[in-house]
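Participant: Sharing a structure with you now.
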Amino acid sequence: RAKEYRFENINDPSSDIMREWKISVTPTIYILRNGEVTSITTGITTPIGILARIWLAR
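Using the numbering used here, read the sequence shown as starting at 178 and increasing by one per residue.
This is the structure in structure tokens:
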């Protein structure tokens, strides 16, 4: 079922971005504000956890 998420998602099938950002765990979620990283979380997280990080980045 389709979700109406309002955030960008980047798929990286060749792992180029993963290597550039030195990501070693999937999933890894970066929250950015104005081009600056405000939060990084790795592993499984809940939707409320993601929303909280987005809210804190405001």
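Here a beta-carbon is modelled for each residue, glycine too, at the ideal position from N, C-alpha and C.
1. Quick check: I221 and T215, are their CB atoms within less than 7 Å of each other?
2. Per the DSSP calculation, I208 is bridged to which residue(s)?
3. So for W232, helix, strand or coil by DSSP?
4. Could you spell out where the alpha helix (DSSP H) holding I221 opens and where it closes?
Facilitator: Considering the structure as presented:
1. no
2. S216
3. helix
4. No alpha helix (DSSP H) holds I221; DSSP gives it neither H nor E.
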